[in-house]
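Under the working numbering, the letters of the sequence shown match residues 980 to 1139, in that order.
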Amino acid sequence: MGPPRAASEGVSKADFLADIRSARVKLDWVLARRDEQTLSETVVPGLSWTTKELLAHLIGYDLAVLKAIADVRAGQRWAWGWTYPNFDDWNESQVGPRRSRTYTAVRAELETSRTRLLAELDRWPEDGGPLGADTWDRTKSEIAWIGPHEREHAEMIAKL
């Protein structure tokens, strides 16, 4: 193991976090244009989940990133709870326990998980994020998928 690498050149923590925030703005905009019954009961085109279940899926990913960061803070090795490309079991472990909750409860948990995630990421310095030198690099980061993943799901929900 060599010396720690410097952060990627031309990369901004503020831009990285702004990308995550803008993805949430898009999701919120899409959700605001649908009624609660549709969001709770109608299956999203291209998926086998309702919007409520899809939001539960997003909560799971926020919590997975928070767990990885907590492991880093504790000096432990971090790892995702899933194995690429087999996400189904892990997804079900996140969605299943939230199925019986109301849409309002799931939406509130989604807001809480994202608030916690952004607050945790914001605590880290510009030159060294929790997952290494490339944390804030939207092309190399282990968490570069957060914004695009949420945008992709917002586009799916928009088809309702």
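Positions of the beta carbon are idealized from the N, C-alpha and C atoms, including for glycine. If you're wondering where the values come from, they're calculated on a predicted model, not measured in any experiment.
Alpha-carbon spacing of glycine 1054 relative to leucine 1110, whole angstroms: 12 Å
Exposure label - valine 1004; buried when at least 16 CB within 10 Å: exposed
Where glycine 1039 falls: helix, strand or coil (DSSP): helix
Separation of serine 991 from tryptophan 1069, as counted between CA atoms: 31 Å
Helix, strand or coil at threonine 1094 [DSSP, three-state]: helix
Candidates Arg1013, Ile1048, Pro1064: closest to tryptophan 1057 by CA position: Ile1048
Helix, strand or coil at valine 1023 [DSSP, three-state]: coil
Continuous alpha helix (DSSP H) stretch holding lysine 1005: start and end: 992 to 1011
Any alpha helix (DSSP H) of 4 or more consecutive residues that is wholly inside the segment 1061 to 1088: 1067 to 1074
Reduced DSSP secondary structure (H/G/I, E/B, other) of glycine 1126: helix
Cβ neighbour criterion (16 or more within 10 Å) applied to threonine 1118: exposed
C-beta contact flag for tyrosine 1082 and serine 1027 at 8 Å: no
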